[in-house]
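J.: So that we are looking at the same thing, I have put the structure below in C-alpha cells.
There are 2 protein chains.
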Amino acid sequence: MTAQDDDRHNEKMKKKKAVRDKIMSGKTVEKGLIIVHTGKGKGKSTAAMGMVCRTIGHNMKVGIIQFIKGAWATGEKQVFDAFPHLVTMQAMGEGFTWETQDKARDIAAAMKAWEAAKAMILDPEIRLVVCDEINVALRYDYIPLADVLETLAARPENSHVVLTGRNAAEELIEAADLVTEMTLLKHPFRSGVKAQAGIEF
Amino acid sequence: MTAQDDDRHNEKMKKKKAVRDKIMSGKTVEKGLIIVHTGKGKGKSTAAMGMVCRTIGHNMKVGIIQFIKGAWATGEKQVFDAFPHLVTMQAMGEGFTWETQDKARDIAAAMKAWEAAKAMILDPEIRLVVCDEINVALRYDYIPLADVLETLAARPENSHVVLTGRNAAEELIEAADLVTEMTLLKHPFRSGVKAQAGIEF
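Here the protein sequences line up with chains A and B, keeping their order. FYI, UniProt numbering numbers position 133 of the first sequence as 133, with every residue one higher than the one before it. FYI, UniProt numbering numbers position 29 of the second sequence as 29, with every residue one higher than the one before it.
Here it is in C-alpha cells:
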C-alpha cells in the first residue's frame, strides 16, 4: 500500500462519511414500527428473538406470542426466564395443523393466541410485541386480517410490533414500516443434516 | 364449516404430516454448520444474535467477534452479561471506515479481530462462533479469505460458525451449509424515521 493509495482511500471514505452523515441527520422521527419478517428462508423468528434481546437490554418490556408451537421453545426460553420482569411469553399455538388434524381446535387456539396478542399490542407498557408465525394463522384464515390491521393501527405510538411467517398478506405488507424477506440460498436439510440445538431450536 | 369440509381438511393435513415425517426421518447427520447471513436487508446480525440466545439456553458456550463497531452493542450486551460463563464477546472493530478514514488502522483492527475469531473457531469448547460483519472486512481485503476458508475447514466437528454481512464472497457461499439472504422490501429510514432502541441497536 503506497502513501498515494492511502490518500485515495481516505478521500473516498471521507466522501462516504459526508453522505452518510447527511442522510442520518434527516432521520428525526421516532415512532413505533410495524415490522414484517417473511419469505421461505430461515431467520424470521430468530431475528425477532434478537430484537427481543435488544429490547430487554434497554430495560423495556416485551411480549411474545407463538401462534405455532415449537418455533421457539427450549433454548430462548431459558434466556428470557432470566428476565421475568421484562418478558411475557405465551406459547398459545398447539402445533402445526398437519400434526393435529383438527381444524376446529386449531382455529380456537389461534383465536386465543390473537386475543392475547391484541391485549399486548394495546398495552402501552409493552414496547415490543412479537407475533411469531401469525402469518400462517392469517393465511389459513384462522384469525381475521381486518381485526389485526385495526389493532395495529390503534396501537400506542411507541409500540413496535413484529409479525413473522411465510406468505405475509399483501395488506399487512402495505401497512408495515419495515419488511424483510428471508430467502433461502442453501439449506443443510437437503444433504441429510438434522435439526440441531442452538441452530433450529 | 361443514362436517365434509372438516373431513377434507383433516385428510389434507394427514397427507402433509406423512410427507413431513418421511422427510424428517431421513435427517440423521449431526454436524457443525457454516452459516452465512448476507443480503442488503436487515436481520443478518439480529438473527445471529437470536442463535446466540438459543445456544446459551442449551448451556453451550458462544463466542462473538464484531468486525465492525456498533452493529451490536448496548442492548444485547446487557443480556449476554447475565451469562458471563457462556458468552465471550470481543468488540474488536473500530468503526466503519468512513468514520475513521485510516486504512492502515482499519486493517490492523480487522486482523486483530480475525486472530481472535480464529482462536474461538478452533476452540472445541465453543459451540457457536459469530463473526459479525466479517463479510465487510473480507470485501475490503482487510483479512485474507484463504485463511478464513482454511480455518473453517479445520474447525472441530461440532462447531457452528455464523458469518454475517453484505456481499458474502462466492467462495464462502460455496463452503457454507446454510445461506440466507435478507432482502429489504421496505425500510422506515426512507420516510425519515431514525434509528431506535430495541430495533436498530
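Every residue gets a Cβ at the ideal spot worked out from N, C-alpha and C, and that includes glycine.
Of all the CB atoms in chain B, is at least one closer than 9 Å to the CB of CYS53/A?
T.: Yes, CYS53/A lies at the interface with chain B (some Cβ there is under 9 Å from its Cβ).
J.: Whole angstroms are fine: how far does the CA of THR46/A sit from the CA of LYS133/A?
T.: In the sequence under discussion, the amino acid at residue 133/A is Glu, which differs from the Lys named in the question. One C-alpha to the other measures close to 11 Å.
J.: Does the region 144-152 of chain B come close enough to the region 2-11 of chain B to have 3 or more Cβ pairs within less than 8 Å?
T.: They do not touch, by the three-pair rule.
J.: Beta-carbon of GLU133/A versus every beta-carbon of chain B: anything under 9 Å?
T.: By this cut-off, GLU133/A is not an interface position.
J.: Straight-line CA distance for MET60/A to GLN90/A?
T.: Rounded to whole angstroms, MET60/A to GLN90/A spans 18 Å at the Cα level.
J.: Which one or two residues does DSSP pair with LYS61/A in a beta bridge?
T.: According to DSSP, LYS61/A bridges with ILE126/A.
J.: Name, please, each residue of chain B whose Cβ falls closer than 7 Å to the Cβ of residue 215/A.
T.: A query on residue 215/A cannot be resolved here, the shown segment of chain A reaching from 1 to 201 and no further.
J.: Taking only three categories from DSSP, how would you classify GLN90/A?
T.: Of the three classes helix, strand and coil, the one that applies to GLN90/A here is strand, per DSSP.
J.: Who does GLU181/B pair with in a DSSP beta bridge?
T.: According to DSSP, GLU181/B bridges with THR183/A and THR38/B.
J.: Please state the DSSP three-state secondary structure of LEU163/B.
T.: Strand.
J.: Any C-beta of chain B sitting closer than 9 Å to the C-beta of THR88/A?
T.: Not closer than 9 Å to any Cβ of chain B, the Cβ of THR88/A fails to qualify, so no.
J.: What residues in the region 121-153 of chain B bring their beta carbon closer than 8 Å to a beta carbon of chain A?
T.: Flagged, chain order: ARG127 and LEU128.
J.: Report yes or no: is there a C-beta of chain B within less than 9 Å of the C-beta of ALA47/A?
T.: Interface residue, yes.
J.: At which residues does the alpha helix (DSSP H) containing ALA146/A begin and terminate?
T.: Per DSSP, ALA146/A belongs to the alpha helix (DSSP H) from 145-153.
J.: Please go through the same chain and pick out, in chain order, the residues whose beta-carbon is closer than 6 Å to the beta-carbon of TRP114/A, but skip the five residues on each side of it.
T.: So the list reads ILE143, once near-sequence residues are dropped.
J.: Within 10 Å of its beta-carbon, does ALA176/B have 16 or more other beta-carbons around it, so buried, or fewer, so exposed?
T.: Buried is the call here.
J.: Among the residues of its own chain, which have a CB less than 6 Å from the CB of residue 204/B, if the five just before and after it don't count?
T.: What is shown of chain B runs 1 to 201, which leaves residue 204/B out entirely.
J.: Using a Cβ cut-off of 9 Å (strictly closer), state whether residue 203/A contacts chain B.
T.: Beyond the ends of chain A as shown, which are 1 and 201, falls residue 203/A; an answer cannot be given.
J.: Candidates ALA119/B, THR88/B and ILE173/B: which alpha carbon is nearest LEU138/B's?
T.: Nearest option by C-alpha distance: ILE173/B.
J.: Find out if the Cβ-Cβ distance for the pair VAL130/A, VAL52/A is shorter than 9 Å.
T.: In this structure, VAL52/A lies closer than 9 Å to VAL130/A by Cβ.
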